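Report on the structure given below.
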Amino acid sequence: MGTEAVIVQIILNGLMLGVQYALIAVGFTLFFGVLDVINFSHGDVFMLGAFIGLILINIFSKLGMMTGGASYVFVLFLIFSLCMLVTGLVGILFERIAVKPVSSGPPLMALLATLGLAIAIREAVRLFYPMGSESKRFPELLNPIFAGTSHAFEIEGVLIRYDNLLIFGIGIAVIVFTSLYINKTKMGLGIRAVAQDSEAAMMMGVHRDRVVDVTFLIGSALAGLTGILNGLFYNTVVFNMGAMGAVIGFSAAVIGGLGNIYGAIIGGFVFAMTQALSAAFIPRGSEYMDVIAFGVLIVFLVFKPSGILGEKMHERV
Amino acid sequence: MKRNFNFINFFTIAAVEVAIFFLVMVFFNIESVWTLVAGLILVVAVVVYAKACKRQFSSFTGIFSSDKRTVMGVLLVLLLLYPLISPHMIRQNTYWLLILIQTGIYIILALGLNIQLGSTGVLNLAVAAFYGIGGYTAGLLALRLGIPAIITIPMGGIVAALFGMILYVPLYKTKGHYMALVTLAFGYMIVLALDNTEFTGGPQGLMGIPELKFFGYSFLTKPGGLHFYTNYYYFTLFFVLLAVLISYRFYNSWVGLTLATIRDDEVAAKCCGVNSNIWKGISFITGNVMIGIAGAIYAHMIGFISPHNFSFAESLFVVAMVILGGLDNILGVIIGTIILSILPEKMRVITEYRILIYGILLIVIPMFRPSGLFPFNPRRYHSSVAKVND
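Line by line, the protein sequences give chains A and B. The numbering used here runs 248 ahead of the 1-based position in the first sequence. The numbering used here runs 52 ahead of the 1-based position in the second sequence.
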């Protein structure tokens, strides 16, 4: 395998991560839109999604439904959708108890409250999940689907695994589906209206509280799905993976411009590509890739202080 | 103007402060959780009652507000006497001495952040990074080059200020959430860089940083049979007093007023001719010097630092102290810091759930006290003039 092949391989891995970052960042940007709050607990909702997925997998294998065969894909689909649903409902719960009550107050207090929520979720998983402080093996769910094949194919020395391809495909499909929902449905219109001006939207008959609930359902469900995808990608989940998820998701949302869903998607891929390229082209880059990615982020904000697609900020006089 | 010395006032103030001082000692000694909870409820009840009947106690509280010099003087004497008294009073004396030193370091950090966040509105989520920069600077200088402590401690502040100047370039270009992200990313960057660089010891960190030594006096000697932490206690106390003094000088001068205008409305401040970029930078860097020096003291005292000490959780801890204490209220920040750093130590009985409870508190307090436990008071000018007119 030549060095070029290695570089292509790293970039493909970057794409794989990019789709996950984008999914988390979409949540950040949606919440910021409707409530004007940076919801730092979103990263830990993502972690919670991975653990809910793990619990569901355990339940289904206890029931003997994970044995493979024709219905296997259906069971997988069921696990994915159940996980998204449960995480989404949990997301609404968190919004009701901790995020919305503080969102009308000073922004710093809201920031602090969501950080507190993040800590509480993380600690609750560590304490109440059996052996929660250790990292957990995430079962390779997708392998049985490709049982008869060689699990991967090779182009010019670049190894592409089918399961990674599937992770990427699911991520892209969900992103497309979400953007269609936001842009084409009535509820999506409501979300955009509240994001633009919540008071005017309420005067036009938009039920703001319901819109906020639906937004948190969607955002948290996406985070839950990302949790499963992340578990499948790394084969391991751990209770404190949400902290990094939150920082990277927030960074991606900011790179794209807060409040803009396409910006969040672009931002996710930009962040992942920065990591991948620094790992590929800079000596000892794989150790410093996060340092470089954050450095690039800071420098980027010097030249584009409101992100790629963000609105130009107006100074009020 | 010659001040009349009022014996009754002096003895009232001294008696009350000594009583509180001994109550704190008792608090340190309590080991049963239920006694502790009952005591805390009692204290809260007394405070609430006193607030409700402010009128009746006005002649009593008036003594304290009229004679601040005596209040501070007696407090200082008690703080100076603490290491001499505590071995006879407190069972786990060394442990609590260490906790008090740690609290002192947190007070310096919180006051540094208060100048940035409270006075000027520059949100710094990289407090721990600057703390770490100060600590690693002092540690590396002392360990690798053998430079004496009288240079390493100020160098901790200077290097933190240099990093602050570099970070200020992206910081003044951005606003609000974007500004928060710049500092957040910087904090992660520093920790990840320290974690991966061999020169700074990687994830293991720096071990065996030499103790402080001034003019041949090693801080490991035991003054009069007391524990050697006593040296560090006085040393930290000195820097805490310095930080409090600097904070008050900032707050009470036209500089503090300038910073407050920038915090409240930057555009209006600019319209009035305030060069907001320069003043934001000055406040950011002043805060970082204080934070860096705190890091240097910590590194010398503990003798072992690793990137783990300076993670984002640590920044969050300090931000919580400042916001919960009350932005731009120096006394509030100090009280908030003391509560948040000493209470968790008492909660060690319930070690497992400590952080969970801490997280839940962070959710609950903003709901009920959206502007902190001790919201800041607007500046009152000419209060001395008013008194003369009375």
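Where a beta carbon is used, it is the ideal one built from N, C-alpha and C, also for glycine. Note that the structure is a prediction, hence the values are computed from the model and not measured.
As the crow flies, the alpha-carbon of B/Ala66 is around 51 Å from that of A/Gly490. Closer than 8 Å at the C-beta level to chain A, one finds these residues of the stretch 248-277 of chain B: Asn248. Taking C-beta atoms under 8 Å as the contact rule, A/Asn508 and A/Thr277 qualify, at a distance of about 6 Å.
Rounded to the nearest whole angstrom, the CA to CA distance from A/Ile327 to A/Leu271 is 18 Å.
As a beta-bridge residue in DSSP terms, A/Arg409 pairs with A/Ala400. Residues of chain A with a Cβ closer than 7 Å to the Cβ of B/Ile337 do not exist, since the nearest Cβ in that chain sits about 17 Å away.
Residue-level contact by beta carbon fails for B/His360 and chain A, as no gap is shorter than 8 Å. Residue pairing of B/Ser393 in beta bridges, as defined by DSSP: absent, with no partner found. Around A/Ser554, the beta-carbon contacts reaching into chain B at under 7 Å are Tyr230. Within chain A, the residues whose beta carbon sits less than 8 Å from that of B/Phe238 are Phe542 and Ile546, listed in sequence order. Assigned with DSSP and collapsed to three states, B/Ile357 falls in strand. The criterion of a C-beta distance shorter than 8 Å is satisfied by B/Ile412 and A/Ala368. Counting the other CB atoms within 10 Å of its CB gives A/Cys331 a total of 16 or more, which places it among the buried residues. Between the alpha carbons of A/Gln523 and B/Val307 lies a gap of roughly 42 Å.
A/Leu265 and A/Phe517 have their C-alpha atoms some 8 Å from each other.
Distance from the CA atom of B/Thr146 to the CA atom of B/Val221, rounded to whole angstroms, is 44 Å. Secondary-structure assignment with DSSP links B/Met259 through a beta bridge to B/Phe356.
Counting C-beta atoms within 10 angstroms of its own C-beta, A/Ser526 has 16 or more neighbours from the protein chains shown and is therefore classed as buried.
Contact annotation: B/Met207 and B/Thr189 have beta-carbon atoms nearer than 8 Å. B/Met419 has a beta carbon lying within less than 8 Å of a beta carbon in chain A.
Taking the beta carbon of A/Ile286 as reference, the chain B residues within 7 Å of it are His229, listed in sequence order. Residues of chain B with a Cβ closer than 9 Å to the Cβ of A/Tyr377 do not exist, since the nearest Cβ in that chain sits about 13 Å away. DSSP, reduced to helix, strand and coil, places B/Tyr433 outside both helices and strands of the structure shown, so it counts as coil. Annotation for B/Val307: the continuous alpha helix (DSSP H) segment containing it runs Trp306 to Asp316. Judged by their CB atoms, A/Ala494 and A/Asp292 are nearer to each other than the 8 Å cut-off. Membership of A/Leu360 in the alpha helix (DSSP H) is indicated by the continuous run Pro355 to Phe376. Of all residues in the stretch 211-229 of chain B, the ones placed with a Cβ closer than 7 Å to any Cβ belonging to chain A are Val221, Pro222, Lys225, Thr226, Lys227 and His229, in chain order. Look at the stretch 167-248 of chain B and you find these whole runs of alpha helix (DSSP H), each 4 residues long or longer: 179-196, 201-225 and 228-248.
Burial is judged here by how many other beta carbons sit within 10 angstroms of a residue's own beta carbon; A/Asp457 has fewer than 16 and is exposed. Within its own chain, the residues whose Cβ lies closer than 6 Å to the Cβ of B/Phe356, once the five positions on either side in sequence are excluded, are Met259, listed in chain order. Annotation: A/Glu343 is outside any alpha helix (DSSP H) and is labelled neither H nor E by DSSP.
Taking a contact to require three or more Cβ pairs closer than 8 Å, the stretch 537-549 of chain A and the stretch 279-298 of chain A do not qualify as touching.
According to the DSSP assignment, A/Gly467 belongs to the alpha helix (DSSP H) that extends over Arg456 to Tyr482.
If you ignore the 5 residues before and after B/Met231, its C-beta comes within less than 8 Å of the C-beta of Val174, Leu175 and Leu223, all in its own chain and listed in chain order.
From the listed residues B/Gly228, B/Cys324 and B/Met342, the smallest Cα separation to B/Ile298 is found for B/Met342. The three-state secondary structure of A/Ser289, taken from DSSP, is coil.
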